[in-house]
Amino acid sequence: MTPKTTDAKAGAPRGSLGALALGALGVVYGDIGTSPLYTLKTALEWAGGSATPAVALGMLSLIIWTLLITTSIKYVAVVMRADNEGEGGILALMSLLGVKHGARLGIIAIGALGAALLYGDGAITPAISVMSALEGLKLPFPAIAPYIVPLSVMVLLGVFALQPLGSARIGKLFGPIMTVWFITIGALGLGGLLRYPGVLAAIDPRYGLDYLFTHGFAGFLVLGAVFLCATGAEALYADMGHFGPRPIRTAWYGLVLPMLVLNYAGQTAAVIAGGVAADANPFFSLCPGPLQAPLVLLATIATIIASQAIISGAFSMTRQAIQLGLCPRLNITQTSAEGYGQIYVGFVNWTLMALTLTLTIAFRSSDNLAAAFGIAVSLTMLLTSILMFRAMRDVWRWSLALSLAAAGVFIVVDLSFVAANLMKLFEGGWVPLIVAAIIFFLMWTWREGREAMIAQLERDTLPLSLFIKQAAGKPRVEGAAVYMTSRTDVAPVPLLHNLKHNKVLHERIVLLYVTTENVPRVVARRRIEVRHLEENFHSVVARYGFMEQPNIPKALARCAAQQLSFNMMDTSFFVGRFIIAPAKGSRWRRIKVKIFAIMHRNALSATEFFAIPPDRVVELGGRIEI
């Protein structure tokens, strides 16, 4: 993603409006910007292949008003106001509503399910976007049709293989390229529009409503295809923290929305004017023959950028999920010193690659993938609308009537899209749902297992004040010992084990409690809190936001300002390494515990995750039954 700098307000993007809006074009609008490649084509096919003027105008009207209601009004005007100190996305919204430490399980479940659905979308978006672009080669070069799938696989392999390098260097090119893309599709649309200007009448919503209410089940079913024009709307909210709401709104109203409407209108005009073959894509039919190959190249580059944004978004969402206790610790690599959003998560990258390539090979065309695409995003949008209702009530303090009226409109619209997409459940729509169900199950299993493990550890310890009294007079050795703990009022289990087995304590004992707050980033002055206890015991609380990566040595260096300094060569870190085993219970519970045990065993160690010097770590193990 495009690098950004920050000012005094943690995480606030800084730069000129034009520069930030240009960056937003490259990162935020890749998905929704490439939707003209397949939306109208799919909608006409789902309508039965009929291309009468009434049907075409109905399709265009539905597309225009979907862009206006779902994207312009819901996301750009309303949802983007629900920022969590500048950050957006369904997990940020969940955190904004104050869900932590077991509070409000329903909201946590909605947030986790929304995130799981977005992972499913992250596997489909690169596949359908790249295949749609390369299928444009079939018009000037019909003989290439059998090679579209292998070409798509090669392009996708390249996209995922380059992820470990980071996108910092090429990120600066994303905005200008997408600007060229939007101007190009707008110019193509204008050319088509001049052939049949009457399509502008579709701005009247009655054309869309007339189609819906006069074509029975087919009219309802086609909503699933129309929804494809708005599949990137969730990215407006999720990537808000990288650029801020104003640049995103400026780019949307100033360039993206007008160019999209122009292109869809141009495609519709070409269909009505009879310039599109029955099996051709209206998008590529707008382009003169000699320029179709360059257009396919530009479209492929645009879809690669769209894929890059989706993959990077999955990386960022994974970090949020880890910090919010919904995912095991994974290895996160910072690929840029300038842009905090520039990270790489290997496990997520290769898993997404496997899913994307599998979908590409199994479905073999963008038409087939269209049935699977949309259902995950429409469900996520519905869940966002439900959380927005709570935000209107709890955060903005709107009245119940106003909240129901505002959120109710969005929920009804989202429900109609969800219902229409569910009609394609057995034609591929089950794929993202199965993926999301598995991810949600793993998230919830991890959350429940982690809470049960912590509760068991706390039962095996004793109050800190009592332990300090009992520690008086015990033999001490030179140096400092840092014990990571889940609570500040009890003695951590590794401390008890060390005293039990080694019969000594260190000269200085520091109990370190790392907590994730419901904000994206914690300001420097609140990062560290030190309390000096009796018998040379010290309690340190290190606070991080859900967008931050903990670094314990850097955090401890801040303690010097509060009369607690560390020499890393004289400091030992004690962490627990426990074996999880199922206690007596139902068969289903034992299965879940075994799954949690596998996840816990394969999670990144605390040493690596918290950037603790490995040669200063002592791991003390034990067995926990939960």
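With the UniProt record's numbering, the residue at position 557 of the sequence shown is 557, and numbering never jumps.
The C-beta atom is built at its ideal place from N, Cα and C for all residues, glycine as well.
Check, Outcome
"Which stretch, first to last residue, makes up the beta strand (DSSP E) that contains Tyr513?", "505-517"
"With Leu40 and Pro282 assumed to form a contact (beta carbons below 8 Å), what rounded beta-carbon distance in angstroms separates them?", "6 Å"
"Tell me which residues share the same chain as Ile203 and place their Cβ nearer than 7 Å to its Cβ, disregarding the 5 neighbours each side in the sequence.", "Ile64"
"Once you ignore the five residues that flank Thr515 on each side, which residues in its own chain have a CB closer than 7 Å to its CB?", "Val541, Arg543"
"Would you grab the beta carbon distance between Met131 and Leu369 for me? Rounded to a whole angstrom, and I think it's under 8 Å.", "7 Å"
"What residue range does the beta strand (DSSP E) around Met568 cover?", "Element bounds for Met568: n/a, residue is neither H nor E."
"Decide if Phe440 is buried, meaning its Cβ has at least 16 other Cβ atoms within 10 Å, or exposed.", "buried"
"Buried or exposed: which applies to Lys503, given that a residue is buried once 16 or more other Cβ atoms fall within 10 Å of its Cβ?", "exposed"
"Quick check for students: name the residue ranges of the beta strand (DSSP E) that lie wholly in the UniProt domain \"K+ potassium transporter C-terminal\" (479-626), counting only runs of 3 or more.", "505-517, 528-532, 537-545, 571-581, 617-625"
"Indicate the three-state DSSP secondary structure (helix, strand or coil) for Pro328 in the structure shown.", "coil"
"By how many angstroms is the C-alpha of Ser403 removed from the C-alpha of Leu564?", "50 Å"
"Which of the three DSSP states is assigned to Glu87 in this structure?", "strand"
"What is the residue span of the alpha helix (DSSP H) that Tyr196 lies within?", "No alpha helix (DSSP H) contains Tyr196, which DSSP labels as neither H nor E."
"Taking DSSP as the reference, what is the three-state secondary structure of residue 654?", "Since the first residue of the chain shown is 1 and the last is 626, residue 654 is not available in this structure."
"Beta carbon of Ser129, beta carbon of Ala371: below 9 Å?", "no"
"With which residues is Gln292 paired in a DSSP beta bridge?", "The partner list for Gln292 (beta bridge, DSSP) is empty, contrary to what the question assumes."
"Under a Cβ-count criterion, where at least 16 other Cβ atoms within 10 Å of its own Cβ denotes burial, should His101 be classed as buried or exposed?", "A caution first: His101 carries a pLDDT of 41, below 50, which makes its placement in the model unreliable, though a value can still be read off. Classification of His101: exposed, given that the 10 Å Cβ count is below 16."
"Check Gly28 in the structure and name its three-state DSSP category.", "In the sequence under discussion, the amino acid at residue 28 is Val, which differs from the Gly named in the question. Correct three-state label for Val28: coil."
"Answer with buried or exposed for Glu478, where buried requires no fewer than 16 other C-beta atoms within 10 angstroms of its C-beta.", "exposed"
"Does DSSP classify Pro146 as helix, strand or coil?", "helix"
"Tell whether a beta-carbon distance below 9 Å holds between Phe220 and Leu228.", "no"
"For a quick check, are the C-beta atoms of Leu260 and Leu190 less than 9 Å apart?", "no"
"With distances taken from CA atoms, which of Met381, Ile183, Leu68, Thr268 is nearest Gly192?", "Thr268"
"For Thr318, does the three-state DSSP call read helix, strand or coil?", "helix"
"Determine the burial state of Asp570: buried for a count of at least 16 other Cβ atoms within 10 Å of its Cβ, exposed for fewer.", "exposed"
"Terminal residues of the continuous alpha helix (DSSP H) containing Tyr344?", "Note, Tyr344: premise wrong, no alpha helix (DSSP H); beta strand (DSSP E) at 343-345."
"Measuring alpha carbon to alpha carbon, tell me which residue in Gly449, Ile612, Val490 is nearest Phe578.", "Gly449"
"Under a three-way DSSP split, which group does Arg397 fall into?", "coil"
"What do you reckon, are the CB atoms on Ile454 and Leu512 nearer than 9 Å?", "no"
"Would you kindly work out how many angstroms separate the C-alpha atoms of Phe389 and Ala109, rounded to a whole number?", "16 Å"
"With a Cβ-Cβ cutoff of 9 Å, do Ile310 and Ile322 count as a contact?", "no"
"Looking at Ala133 and Tyr34, is the spacing between their C-beta atoms short of 9 Å?", "Looking at the sequence shown, residue 34 is not Tyr but Thr. Yes; because the gap between Cβ atoms is below 9 Å, this pair is in contact."
"Once you ignore the five residues that flank Ala21 on each side, which residues in its own chain have a CB closer than 6 Å to its CB?", "Pro247, Thr250, Ala251"
"Is it the case that the segment 228-239 contacts the segment 73-80, given that we only count it when at least three CB pairs across the two stretches are under 8 Å?", "yes"
"Given Ile124, which residues of its chain have a CB within under 8 Å of its CB, disregarding the five upstream and five downstream residues?", "Thr356, Leu359, Leu369, Ala372, Phe373, Ala376, Val431, Pro432"
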